[in-house]
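As structure tokens, the structure follows; a few thoughts come after it.
Chains as they are written, first to last, in the numbering used here: chain A, 19 to 616; chain B, 19 to 616.
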């Protein structure tokens, strides 16, 4: 199996030119995040990922994590890999300095997320779920809660989990039934069972801070009656030392198709007595609102997982295609077997993987950059505009990066031929790992509902129009960019027309009848996302060409960027033309049959 | 997990109206294959599949097959399931009566293949690989070889295998190195190692007949030097009893992503002495030609595997969607949770699965019907025309059914949400099993090379033109079929235009430079296959509508067929419009970068 190398060349291209880190370093609080410092961090961090984390990925898949009593045992190398990450303090990089964080932009955090997930997605879920919990506490916890928990979670000494799902409350969080009863001392007693809790237990930290959604006895039904609680595995004494073991225990872990090293736990609260001790975050019944705060980041995080698996699969497929000989490619010398990379269809597969992966990266980094602008820009209108862009792009990013990760990791197997299907080759794991990303943190169908139901209507379509304006401006620029980018101009303009036609239908007929909009949502989401991806690669190609024309930078890499942009425009972007009719078809045929006729 | 039920309703629709069994029964040799007899067979056989075979599928995946010494141990229930199939004589149905077969049309055999693979694809590979070996012996074996081996293979008492692949000879069969040395008694001694041999060993038959490609000492290089040998596990005495153990042994079995119960063997020939005893089939150096005889059937068989997995996944997803409640669908009564089948996006997923699956079935059965016509039609021109249609449709059928099986089985997981990722749910297995079908029996990239390199040029494009004529005639019929099928008319006509445009490019620029055609082959193949699939569902919808108008048949089922045809036309067929530009793009961007720039 090939080792993983952080794709620093493409990362630097983006951080230099497309989502410039130097611009973010001008924002208040980010002054220390100059390019040199950031690249230094990424190189150092990248070494840990490729040298220590990446080699644990396949063994993690093979051995899996197992349950002993109510303790989990992670695969060989995981404890050491996590400790190395902890000791270097990497978890702290994108968090507030007030709690021991590095105060770096979220964009840097997202680049690190990519590397973590490429190196070992299953293990990466421990620190990344912790980041979600940190964020909830940072924004909604009391000062005391932040003092007690945040510093140790930011340092990585303690991990955090998110406890939402129950057997009958998956996508429909409002249906949850876990109970929380207030005690005289202000704490609560939590009873119930949660499922699908990632790293609900581990063997590499002293404590685990569970954030738990539950319902108080007098709570209104649905999402408006949900409160959010801190339930530490070990209660924390006044002096910060660990106290009593809390009544939360792993009952079982799931046997999954992928991410087998990440323990997906069923957690029981209060089985041994009158409830696990929990502490309310913020106010009662506001838990769902607090979750929404984190949702953009969590969904972006899942998109980054898709990107990361695609990148790792691509590296492995490329290495194989560069060393495996088979048959004779057109033009091969007689009797001279070809490397499979010389076969046109293998070349097509590799370029498809590369173009999709770079599109995903541009999309994820763009959203991360806008999250930073939304939080740190000096002017309120700038902050608002950035937040709006984030809100619009989040469902597109989550769904596109995860659907496309399935495609890319599938091609990764295909490049290997029969060897790809053999587990020891290591390429199938990425495909199995990727499938979960289309499902969790809101299935991609739910992302589509979010897009047409909540995001398109933002500011009466004004947020959407802003995005169209950005893309139109790139199209205008492409018109004057010469023959090399003519195909990009043609295809991006065609895609935007398709998007506009589909959007007009959704904003009209779709808004008049939600069933129409929801019926069209999935093809519309893919159409929109593919267009945005094409736009970002067009922006990249324009920039690369300008740099090439100016004789600046790595000519090989820049030329590749131009070709990738062209390839995406001509080979992948035209898919949008197959998605207009499905949008415009609306609900009629979907509901033309009774369920028993299916 | 849901039990599997043979989809007899759709099968009967096809066998009554689209690939009419009564028409095949008019051909010489098939007179006994009237519809009543065939439906009787399918019902009886279907019961065995749903009651005995289907329940072994998940346990087979969980337990897998293991090696003990050089013997394989199949999972619990496999021996009994195979024996029940053997004792009822099902394996004999589509084979010549002269050797104890049932003499039924291949179409019937293909329907049975579908049921076998839906019930348990891993186990089905044992009888289905045997069918391939039977066919080779039937056409190319000596009368004596047929007497000795064929009867017992047709009865299912002995299984057969196909031994092509070696570590450095996968897609490039001509590179194989296994040696065969002629002895004074006319037999050969075989030495070498073969990989990826499905059911190279089993624990449910007394003997295994390996068909082995090997090279004689004086053989020319490449595919022209390959000969084909019979290598029985046990030599067969004059009286038909089993004799000496031959020197062919399993060295190891692979650890695969799916079809885990099917032992994928490394077989060593002649490790213990001067070679395994083998008997030449036909003439030396003609082995590759004999393989080509079987190739159409083998590739159709893999397409049928894709169909079968899609069907099983669909049944399971549909059952889940009909019993799982979650959230509120548009129009749901207040406080009344909805079955997920009422959610527009779930409905879309189910209809997508259904439409694709029915398209695959129509495609596979159409090819099977044409194989029967090619073998049994009274007039030579009819036989030739049918064979030409088969030759053209085979790469389309193999690639489409297997690529689409990936999509359908992926959606099957998605319908289950988080539960889909848990192995106990049983839906992920179909997705893991499906992936191999895109790879073996010629990867789908190789199918595309076959399509543009060998099939399109047949009769200077005349075979292609015949297919276009068939589709155009359906489009004309659709034009007069009223508003209900207007969208089918519009979209099929649009798809055919796209196909014609793409074909013109391939036949022109593509034929002038093979690298151009090969660069365009994969998107062209998908474009072509999707159009043919849309055509067959249009033919089905036309027929269903005519029957409905005449008040004949099951109105619910016929109405569903019309809707499925419309859904495919409007939602899935438009994909072709995203595939024209990739075809016309040719080789330029694929080879714009050096391998080291990727």
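Idealized CB from N, CA, C, for every residue including glycine.
Limits of the unbroken alpha helix (DSSP H) element including residue i
{"i": "residue 40 (chain B)", "result": "39-42"}
{"i": "residue 173 (chain A)", "result": "169-173"}
{"i": "residue 197 (chain B)", "result": "That residue, residue 197 (chain B), is in no alpha helix (DSSP H); its beta strand (DSSP E) goes 197-200."}
{"i": "residue 60 (chain B)", "result": "53-66"}
{"i": "residue 617 (chain B)", "result": "Past the edges of chain B, shown from 19 to 616, lies residue 617 (chain B), and the structure says nothing about it."}
{"i": "residue 597 (chain A)", "result": "Where residue 597 (chain A) is concerned, there is no enclosing alpha helix (DSSP H), given that its DSSP letter is neither H nor E."}
Residue-level contact to chain A via CB, residue i, 8 Å cutoff
{"i": "residue 455 (chain B)", "result": "no"}
{"i": "residue 461 (chain B)", "result": "yes"}
{"i": "residue 259 (chain B)", "result": "no"}
{"i": "residue 439 (chain B)", "result": "yes"}
{"i": "residue 136 (chain B)", "result": "no"}
{"i": "residue 458 (chain B)", "result": "yes"}
{"i": "residue 466 (chain B)", "result": "yes"}
{"i": "residue 157 (chain B)", "result": "no"}
Alpha-carbon spacing of residue i relative to residue j, whole angstroms
{"i": "residue 134 (chain B)", "j": "residue 440 (chain A)", "result": "24 Å"}
{"i": "residue 373 (chain B)", "j": "residue 547 (chain A)", "result": "25 Å"}
{"i": "residue 107 (chain B)", "j": "residue 174 (chain B)", "result": "7 Å"}
{"i": "residue 395 (chain B)", "j": "residue 403 (chain B)", "result": "10 Å"}
{"i": "residue 629 (chain A)", "j": "residue 74 (chain B)", "result": "The structure shown does not extend to residue 629 (chain A), since chain A spans only 19 to 616, so no value can be given for it."}
{"i": "residue 259 (chain A)", "j": "residue 268 (chain A)", "result": "23 Å"}
{"i": "residue 19 (chain A)", "j": "residue 263 (chain A)", "result": "Confidence is the limiting factor: at residue 19 (chain A) the pLDDT is only 47, short of 50, which leaves the residue's position unreliable, though a coordinate-based value still follows. Roughly 42 Å separates the two Cα atoms."}
{"i": "residue 550 (chain A)", "j": "residue 591 (chain A)", "result": "10 Å"}
{"i": "residue 159 (chain B)", "j": "residue 604 (chain B)", "result": "44 Å"}
{"i": "residue 417 (chain B)", "j": "residue 446 (chain B)", "result": "21 Å"}
{"i": "residue 26 (chain A)", "j": "residue 364 (chain B)", "result": "40 Å"}
{"i": "residue 643 (chain A)", "j": "residue 57 (chain A)", "result": "Nothing in the structure corresponds to residue 643 (chain A), since chain A is present only between 19 and 616."}
Extent of the continuous beta strand (DSSP E) to which residue i belongs
{"i": "residue 297 (chain B)", "result": "294-298"}
{"i": "residue 211 (chain A)", "result": "206-216"}
{"i": "residue 227 (chain A)", "result": "225-233"}
{"i": "residue 267 (chain A)", "result": "266-271"}
{"i": "residue 287 (chain B)", "result": "282-287"}
Where residue i falls, given that 16 or more other Cβ within 10 Å makes a residue buried
{"i": "residue 522 (chain B)", "result": "exposed"}
{"i": "residue 480 (chain B)", "result": "exposed"}
{"i": "residue 512 (chain A)", "result": "buried"}
{"i": "residue 618 (chain B)", "result": "Residue numbering for chain B in the displayed model covers 19 to 616; residue 618 (chain B) lies beyond these limits and cannot be assessed."}
{"i": "residue 448 (chain B)", "result": "buried"}
{"i": "residue 184 (chain A)", "result": "buried"}
{"i": "residue 601 (chain B)", "result": "buried"}
8 Å Cβ cutoff, residue i in contact with chain B
{"i": "residue 595 (chain A)", "result": "yes"}
{"i": "residue 42 (chain A)", "result": "no"}
{"i": "residue 507 (chain A)", "result": "no"}
{"i": "residue 588 (chain A)", "result": "yes"}
{"i": "residue 584 (chain A)", "result": "yes"}
{"i": "residue 537 (chain A)", "result": "yes"}
{"i": "residue 348 (chain A)", "result": "yes"}
{"i": "residue 446 (chain A)", "result": "yes"}
{"i": "residue 565 (chain A)", "result": "no"}
{"i": "residue 28 (chain A)", "result": "no"}
{"i": "residue 558 (chain A)", "result": "no"}
{"i": "residue 340 (chain A)", "result": "yes"}
Anticipated Cβ contact below 8 Å, residue i with residue j, distance rounded
{"i": "residue 97 (chain B)", "j": "residue 221 (chain B)", "result": "6 Å"}
{"i": "residue 426 (chain B)", "j": "residue 375 (chain B)", "result": "6 Å"}
{"i": "residue 560 (chain A)", "j": "residue 509 (chain A)", "result": "Wrong, their Cβ atoms sit about 14 Å apart, outside the cutoff."}
{"i": "residue 253 (chain B)", "j": "residue 199 (chain B)", "result": "About 17 Å separates the two Cβ atoms, so there is no contact after all."}
{"i": "residue 113 (chain A)", "j": "residue 51 (chain A)", "result": "Not quite, the Cβ-Cβ distance comes to about 13 Å (not below 8 Å), so this is no contact."}
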